[in-house]
Every structure is written in structure tokens, then in C-alpha cells.
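Okay, structure first, notes after.
Okay, structure coming up:
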């Protein structure tokens, strides 16, 4: 949902998966963790507390199993049983998207805006809100976005790469880029999408970056870039609309590669300048 071009984007019960959005491996993973916890509880407290007490402990362990199973055991099962994993109807992108919608359905502003809308219309609205809301993201999300964007741009063709950077990428191009990333990156993207949509719906004040902060960060970035690349990079960044897809993509990949080596302050300054 979050657009790359505008998104230079604990155990939260609202983000827990549901059976409808979980794959076979995630369901089995949750069951395995719950089973192990029940055995440990039984062994540790069998002679110390009664059956009711052990049942209470097991109920307390249920949220942990429901979170840890899909997050950690599920991916391992997919590695050891790829044929079963391949047969599931939902991709990691689909499952992550469903989780975002489940969380959004708990947001009053989203429910109000989407009342009576079809799924296609919700998809369109979510995409638009995440584009606009990316400028409102907090510091942590903005910094994570730099790492995520570097991965996304590295494995797409020049037209799609340039479209993401120019602000013209389509939802289909975004999805294609996401489907090439690992599960953790997809989940990180979806978390940023959710935060951007909510921030836009609630009209959260967008943090500002002064021109001085941006200049300091830009100089720090140029110091990391090889000297023989600097003039070309600056030339493209000054007038990207008149450059080819290949040139814009090269510049975007260069910036996102080196920006993650900067200080936290400089990373935030550059990324905020991009999303404003």
C-alpha cells in the first residue's frame, strides 16, 4: 500500500495474525509453540498447583504462541517443506496485506472513510492515503524506510525503479517489487503502510527538516560517494525529470546505498527531504 516514491518510507495484539490470513506453516507453528509451552507448564507445575492453575498459565501462554509460532516457527517449516508451502493460495504479500486491513478495521477513521466501499475501492484509497501519509511517519519508520528502499530498488528494472523514485509507480509495480523481497522486508513495508495510512487519517503533524539540516546531510552523503561519481550524481539529482530511467535509477540506488551509512540525524534529514 505504501508508495515507495512517497514513502522514503512488542507484541501488539492488533497486529496478530488470524486463522483466515495464516498459511499452513503459520498455523502449525502456533500449534507447535503452544504444545511445547503446555508440556513445559505441565512438567514444571504438575506437583505444585492444581489443574485450574495450570490452565490459567496455559491461557497466559496462548498469545505468545500465537505470535511466536507464525513469526519464527512458520518460516522454518516452509524451508523444510517447500512443496506444501508452494500449494498455499496466499502469498506472503497477500497475508501481510490482509493483516494490515484487519488492523485498519479497528481504526474508527478508516471505518468511516470506507463504509460501503468495495475491496477494490479500499485498495485504491489505502494506496493514496499511504502515499500522502508517508511524510507524516515518525523518525524510526523514516530510518527503516531507507534500508527497505535500498533492497526494493536493487532488484527491479530501470523503468519501475525510476517510477518509484519519480512518484509515478503503480500499485502493480509496487507489488512486483515487494514479491521479490524476503518476508521480513514485506512485513516491514506493510507496517510502514499501516502507520502512514493512520497518520494521514488522523492528520498527524509532519516533522520538518530545515534547509540547514538538509545541506549538512547532503554533504555527509557526498563524502561517502566515490569522488568520480559525485558530479554525475549531483547533475541527475538537480533535474531528475529530464533524465532517463536508467540515470534516475542509478542515482536512486546510489543514494539509498550510502544513506544508511550516515548518522541517524543525517539519515532522517535526507529521507524527510525526499518525502516532503
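Numbering (our numbering), first residue to last: 2 to 277.
Ideal placement from N, C-alpha and C gives every residue a C-beta, glycine not left out.
Nothing here was measured: the structure is a model prediction, and the numbers come from that model.
Span of the alpha helix (DSSP H) around residue i
i: residue 128; result: 120-134
i: residue 221; result: 212-225
i: residue 177; result: 172-179
i: residue 268; result: 265-276
i: residue 140; result: 140-155
i: residue 253; result: 246-260
i: residue 107; result: Where residue 107 is concerned, there is no enclosing alpha helix (DSSP H), given that its DSSP letter is neither H nor E.
i: residue 203; result: Counting along the chain, residue 203 falls outside any alpha helix (DSSP H), and DSSP gives it neither H nor E.
Own chain, CB closer than 8 Å to residue i, minus 5 neighbours either side, in chain order
i: residue 6; result: Confidence at residue 6 is low in this model, with a pLDDT of 40, below 50, so the placement of that residue is unreliable and no value is reported for it.
i: residue 13; result: Legend: pLDDT at residue 13 = 47, less than 50; position of this residue unreliable, no value from coordinates given.
i: residue 259; result: 222, 225 and 226
i: residue 92; result: 180
Neighbourhood of residue i by C-beta, 7 Å cutoff - its chain only, sequence neighbours within 5 removed
i: residue 77; result: With a pLDDT of 49 at residue 77, under the threshold of 50, the modelled position of this residue cannot be trusted, and the question is left open.
i: residue 187; result: 93, 94, 97 and 179
i: residue 253; result: 154, 162 and 166
i: residue 203; result: 110
Test: residue i CB closer than 7 Å to a CB of chain D
i: residue 183; result: No chain D appears in this structure, which consists of one protein chain only.
6 Å Cβ shell around residue i - same chain, five flanking residues per side excluded
i: residue 265; result: none
Q.
Within 8 Å, do at least three Cβ pairs link the region 263-276 to the region 202-212?
A. yes
Q: Decide if the region 130-138 is in contact with the region 188-199; the criterion is three or more beta carbon pairs, one per stretch, under 8 Å apart.
A: yes
Q) Is the region 149-164 touching the region 105-121, taking contact as three or more C-beta pairs under 8 Å? A) no
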